[in-house]
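Protein chains: 4
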Amino acid sequence: MSNFFGQNFRITTWGESHGPAVGVVIDGCPARLPLTAEEIQADLDRRRPGQSDITTPRKEPDRVEILSGVFEGMTTGVPISLVVRSSDQRPEAYDEMKQKYRPSHADYTYQMKYGHRDHRGGGRSSARETIGRVAAGAVAKKTLQLAAKTEIRAYVTRIHDIAAPVMTGFPTLAEVEANAVRCPDAATAARMIERIKQARSEGDSVGGVIECRVRQVPAGLGEPVFDRLEADLAKAMLSLPATKGFEIGSGFAGTLLKGSAHNDAFVTKGGQIRTATNHSGGVQGGISNGEEIVFRTAFKPTATILQPQQTVDIHGVEAELQARGRHDPCVLPRAVVIVEAMTALVLVDHWMRQAAQNQTFRF
Amino acid sequence: MSNFFGQNFRITTWGESHGPAVGVVIDGCPARLPLTAEEIQADLDRRRPGQSDITTPRKEPDRVEILSGVFEGMTTGVPISLVVRSSDQRPEAYDEMKQKYRPSHADYTYQMKYGHRDHRGGGRSSARETIGRVAAGAVAKKTLQLAAKTEIRAYVTRIHDIAAPVMTGFPTLAEVEANAVRCPDAATAARMIERIKQARSEGDSVGGVIECRVRQVPAGLGEPVFDRLEADLAKAMLSLPATKGFEIGSGFAGTLLKGSAHNDAFVTKGGQIRTATNHSGGVQGGISNGEEIVFRTAFKPTATILQPQQTVDIHGVEAELQARGRHDPCVLPRAVVIVEAMTALVLVDHWMRQAAQNQTFRF
Amino acid sequence: MSNFFGQNFRITTWGESHGPAVGVVIDGCPARLPLTAEEIQADLDRRRPGQSDITTPRKEPDRVEILSGVFEGMTTGVPISLVVRSSDQRPEAYDEMKQKYRPSHADYTYQMKYGHRDHRGGGRSSARETIGRVAAGAVAKKTLQLAAKTEIRAYVTRIHDIAAPVMTGFPTLAEVEANAVRCPDAATAARMIERIKQARSEGDSVGGVIECRVRQVPAGLGEPVFDRLEADLAKAMLSLPATKGFEIGSGFAGTLLKGSAHNDAFVTKGGQIRTATNHSGGVQGGISNGEEIVFRTAFKPTATILQPQQTVDIHGVEAELQARGRHDPCVLPRAVVIVEAMTALVLVDHWMRQAAQNQTFRF
Amino acid sequence: MSNFFGQNFRITTWGESHGPAVGVVIDGCPARLPLTAEEIQADLDRRRPGQSDITTPRKEPDRVEILSGVFEGMTTGVPISLVVRSSDQRPEAYDEMKQKYRPSHADYTYQMKYGHRDHRGGGRSSARETIGRVAAGAVAKKTLQLAAKTEIRAYVTRIHDIAAPVMTGFPTLAEVEANAVRCPDAATAARMIERIKQARSEGDSVGGVIECRVRQVPAGLGEPVFDRLEADLAKAMLSLPATKGFEIGSGFAGTLLKGSAHNDAFVTKGGQIRTATNHSGGVQGGISNGEEIVFRTAFKPTATILQPQQTVDIHGVEAELQARGRHDPCVLPRAVVIVEAMTALVLVDHWMRQAAQNQTFRF
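These protein sequences, in sequence, are chains D, U, C and V.
Residue numbers for the first sequence, in numbering that gives the first Met the number 0: 0 to 362.
Residue numbers for the second sequence, in numbering that gives the first Met the number 0: 0 to 362.
Residue numbers for the third sequence, in numbering that gives the first Met the number 0: 0 to 362.
Residue numbers for the fourth sequence, in numbering that gives the first Met the number 0: 0 to 362.
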């Protein structure tokens, strides 16, 4: 259970790595949103395997089909069902995993939880599940864009120990997409790509950090006390495969400042109340304050490596496992669009939740 | 909206800083749990103001009253209503805040969201709201303890730049409670306390990091794909006032390892499948694997400082603000029990969610 | 679990018949709603025991206290906690019920479900639980009234076999409140009152039907396909103690018409699209069409009667039970305001759910 | 929004009448349930058009495909995605409906709610949406059957004014399926069929009542106070197209009894606590008591009739509408399996909700 996300703009994803298809149902998308399959496809293309020489060489076109919810080019307010058929499957590559648990994968825990699992490619725990998130995220992005001109940009800021310099401006999509690793700093990107290739050549893997920034967020989004905007963003990020950490604004480093240095003084700029600094990361008391939302997510090194590893089989007998197959030596380049998707889903949901307050008893 | 938390063991907290009372309703606590007000009070006493010389000197006994749900010393399965009356209120200390927004507080965002706010002491955004969480958390802890012997221990590992050495064993409650800052390493604790006192003497504040560990967690808790255990823990932590980051297991530092070093090899110990290391932090694929759950939460320095600060008033005119009153120069010592409470609430909820699977179609 | 109701305007009720208090927390009430305790009290007074000579003679003032969520006479958007202290308790009147199950009460099923129950006056299953609903309903009514001028009127149309003539106009509140049984037809009301008194004199009880009508409902409320307006109204009514049936518009009798007679022809009146008849009861396809909403709810005769009854004790041994105490020979007069409350809660929730659609992509 | 149903065994349906497909995602089905497409198909065949000479002559095979959640013949605990492709579509039959609102259909209300609608065959408001419910209901039925031997039987008890005699025993599936109208009393069934044919020959339609009975329901299902079993059943039934009423146990007629006659005396039969009568309909205080659950649902006459009708066009101009196409003159025969499906969905959900209580603190 819990394959759904959101309260108002609610998505339910389904599908396993080696099943016939994966998909998502969006329940709650507003009516009259212009929407085409091509717009969704554009984001899926940023996620699909085989898109560059630092991702898995698997070939999956990942073509999306809209089965419901759109009529004459516009949403109708009813559920939008999106399906992507699978094609490039080699389930036999996973025969060994039926008997042996892959370290730091979900094989063992799914077995403990359910007593029965689809071992092929991780089944439901595969990152292939995120196709539904990206497809739904594209619809959420478009909704936010039309409704509030909100713009979401994620990018890689660190791969292993190679960190990009601090970004000052808001990177353009073109800057992010200019290289295979999706780091808007070209020089750093080149070094990151080398590090990923090196790890792959060693049969190893690397992780890193993705930063995400959002601008044109109306002040007032976020629901105290439990569904704070940063709480829902944290949940969204930690619900992604391979994530181990989340921080917003000043984050962990902010704990090294004293309050007098950390507080964001209010100022008036151009007739608007703004903050002089943004250690808060665009959220105060769980509610957006109109400044840029800035947060970072830590992704661990890919669990699948092409080196022999110690493990146990399903009877608890110790064994050695040697992964085969075609894997990403680093998940971050393909995860950038997934981070954007989850961010969009959180924001559009909160934007809709605030709607009732907006139409009631205002001055 | 969203003053509730949990799906099965669901709590709703209510109350403002300077209202007549704060409280919580627990809906879904199993019947036949032995429960007394004293057990709940024990945790509230760890949270209450005035408990040591590094917390606010405000005097609030914070006595809990059970208004429903317990009969003849046992829960009955119906809602448990817990209320704490307020006593030591000085609303006049906040008159200035009616007109001026405090930096890095929620005054401005509440005004933007609702168009009307209780300015006294932050109203609903006050940390006083966490009384309900701690009270409900005590009930959750007891449920877990009786049902699965699950043990939860939070403690301070860093204040400002003073970090405790890595904990090897599982600290006892007595070790955590042995000093005012709640760091189980006595020598570090003494230095932390000095740092907090120093910050207070400067009219300033400090933040830091709380670590939480849980043992005796049954394998199989956590619901893929969105309600992963770490996702719900992340949300729980980021829903707390003053938090800016969350990491589980290896966390952000884990991104500096390669996959070959990061993966947790499976081994057999004492007839049980275990992992040789625990970079995963007790969760794989969103589901507990039976190892210790370990995570950390970053708390920013307290926003209220006793120095003049630049801000604007409600009309956008720049102004200076000088906080008065009695405040914590560091929230972490009192937040330890709150972290435990939220952890317990997440775990008991997932434990109940797994119940249906446990009673169905097992071997 | 499930002591909460609503998605946006969400209430959680708590409290047992003979506990120290009962109450409700409203989460999601819009900010800036003017609200006083007196407004809530007015509806509680219509529900309280001892209000007339055909209700239980128990004396409970049922005074409501607002513990949170209202500041300077206006809601602030945070939870509204309402509490009513209990006073006139005679738990010893229920000692026999600790050992014997009362027929057609919830004693036996609570015992089966929870394995432990508060036997005093039915504990949580007591109609005293509805105090929280009425208090929250008063807030919902006010919200609807200010937001959309929506008006809700419930009244008794049948007691036992004494039925009021079909109402043509929309009864005023004064007409409903003009007599103790709350039937706006005075002549019928007199006969109903006699029937209730007669049942009471026999130690027996009677049931009947309450009709509810709502006008000024904006077209467009109700969420296909599962949260249709009539589905949520049906759930709301069947969640009330002692209810056995619900029908909307033509209801069960409508099944005796053919389609050609049952269909509501569309016409244009005063420039607005209306229907010539209203067999639909104001709802088509689960969505309000702007016509009056009309529905009826069946209440069974009160289960507590003052005659000896056959039953079993908690060990399954057959026994005779003789109820004592002070009971309503007919619940309908006091249930009228409860029906209104639940109706208001359903409508305000759907009105808020429609808000996001209303602010998006309109012409 | 709200195209999902259930808390634990949660379904989301999607698809429009004339879209490429309809389907359902089941989130929360327990793992290790043996499941085949054929089992689901069996119930879809009871719902599909063209199955007899009293239903619409449209030919749709309605073949179900399982796209996820089942591996090696058993569910895995992850979402089950079921899809039915559409084939026999004649959207041009609905061209007139683009401009004119059909009386007592959802055309007008969808337009008011969303400002944009798929007019072809009612779009989302079409009864074709119930395919997903029936498919999911088949899975729910199987779960209940394996878990608790629970048996659900719905059948037609009245068509127009032709009522079957009171059923004494629990009808077998064969008895229900023995005739086209699905009334287990053969003589009455023949008269019902005649009435339906007569209505069709007049270009008219008829409604009626479906009764549903459930046996082998464990005592203890149902969640006070809002998610009472009868409340969720009422909502489930009123969420079906064309329903106008619901009653459980004695229902509306029970209001004509006095309490002394209506109360169900407890007795001991075969060592078990039972009730001598069953006016309660198997539910007391919102919780199942182990007796048969018995309820009835009223279905209005089909809104689509083949006679000219008065209506307005989308500009409010009065017009005449003459339906064409192939329609059911009476929905009840095909609705029987839909009632069973919704009943199963309610029960399996409550059975899972009770699981946590069952595994906790029992004697």
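Note that beta-carbon positions come from the ideal geometry of N, C-alpha and C, so glycine has one too.
Presumed contact (8 Å Cβ cut-off) between residue i and residue j, rounded CB distance
i                        : j                         : result
valine 224 of chain D    : glutamate 128 of chain U  : 6 Å
lysine 112 of chain C    : glycine 76 of chain U     : 7 Å
leucine 220 of chain D   : leucine 228 of chain D    : 6 Å
arginine 323 of chain V  : threonine 54 of chain V   : Between threonine 54 of chain V and arginine 323 of chain V the Cβ distance is about 17 Å, and since that is not below 8 Å, they are no contact.
glutamine 358 of chain V : asparagine 277 of chain U : Not quite, the Cβ-Cβ distance comes to about 28 Å (not below 8 Å), so this is no contact.
alanine 241 of chain V   : lysine 299 of chain V     : 5 Å
arginine 66 of chain V   : proline 19 of chain D     : Note that residue 66 of chain V is leucine in the sequence shown, not arginine. Right, the Cβ-Cβ distance comes to about 6 Å (below 8 Å), so this counts as a contact.
valine 335 of chain V    : isoleucine 209 of chain V : 6 Å
leucine 32 of chain V    : alanine 134 of chain V    : About 14 Å separates the two Cβ atoms, so there is no contact after all.
threonine 171 of chain D : asparagine 288 of chain U : Actually they are not in contact, since the Cβ atoms of threonine 171 of chain D and asparagine 288 of chain U sit about 42 Å apart, beyond 8 Å.
arginine 57 of chain C   : proline 48 of chain C     : 4 Å
alanine 105 of chain D   : serine 124 of chain D     : 4 Å
Partner residues on chain C for residue i, Cβ-Cβ distance less than 9 Å
i                      : result
tyrosine 93 of chain U : Within chain C, no residue comes near tyrosine 93 of chain U; the closest Cβ sits about 12 Å away, beyond 9 Å.
Continuous alpha helix (DSSP H) stretch holding residue i: start and end
i                        : result
arginine 31 of chain C   : No alpha helix (DSSP H) contains arginine 31 of chain C, which DSSP labels as neither H nor E.
glutamine 40 of chain U  : 36-46
tyrosine 107 of chain D  : 106-113
threonine 171 of chain U : No alpha helix (DSSP H) holds threonine 171 of chain U; DSSP gives it neither H nor E.
lysine 97 of chain D     : 94-98
arginine 89 of chain C   : From DSSP, arginine 89 of chain C is part of no alpha helix (DSSP H); its letter is neither H nor E.
glutamate 339 of chain V : 331-352
Range of the contiguous beta strand (DSSP E) that encloses residue i
i                        : result
proline 307 of chain C   : 307-311
glutamate 246 of chain V : 242-247
serine 80 of chain C     : 79-84
arginine 157 of chain U  : 150-158
Contact set between residue i and chain C, taken where Cβ atoms lie within less than 8 Å
i                         : result
asparagine 277 of chain V : Correct list: empty, because the minimum Cβ distance to chain C is about 11 Å.
Buried versus exposed call for residue i [16 or more other C-beta atoms within 10 Å across all chains shown]
i                            : result
valine 175 of chain C        : buried
glycine 269 of chain D       : exposed
serine 200 of chain U        : exposed
phenylalanine 169 of chain V : exposed
glycine 253 of chain V       : buried
serine 103 of chain U        : buried
Per-residue contacts from residue i into chain D (C-beta, under 9 Å)
i                       : result
aspartate 26 of chain V : Met0, Ser1, Asn2, Phe3, Thr11 and Trp13
alanine 146 of chain C  : Gln358, Thr359 and Phe360
Neighbouring residues, chain V, relative to residue i (Cβ below 7 Å)
i                     : result
proline 29 of chain U : Ala355, Gln356, Thr359 and Phe360
proline 19 of chain D : Leu66
Residues bridged to residue i [DSSP beta-bridge criterion]
i                            : result
glutamine 226 of chain C     : One detail in the question is off: residue 226 of chain C reads as aspartate in this sequence, not glutamine. DSSP lists C:Glu222 as partners of aspartate 226 of chain C.
phenylalanine 298 of chain C : C:Gly207 and C:Thr242
glycine 22 of chain U        : U:Trp13 and U:Val82
arginine 273 of chain C      : C:Val266
Interface partners of residue i on chain V, CB under 8 Å
i                         : result
isoleucine 286 of chain C : Ala105, Thr108, Tyr109, Met111 and Lys112
asparagine 178 of chain U : Those within 8 Å of asparagine 178 of chain U in chain V number zero; the least Cβ separation is about 36 Å.
Proximal chain D residues relative to residue i, where beta-carbon distance stays under 7 Å
i                         : result
methionine 351 of chain C : Ala355
leucine 32 of chain C     : Phe360
glycine 22 of chain V     : Ser80
9 Å Cβ cut-off: residues of chain U touching residue i
i                         : result
threonine 75 of chain C   : Glu15, Tyr109, Tyr113, His115, Arg116, Asp117, Gly122 and Arg123
asparagine 262 of chain V : None at all; the shortest Cβ gap to chain U is about 24 Å.
Beta-carbon neighbours of residue i, restricted to chain B and to distances below 7 Å
i                      : result
glycine 136 of chain D : No chain B appears in the structure shown, which is made up of the protein chains D, U, C and V.
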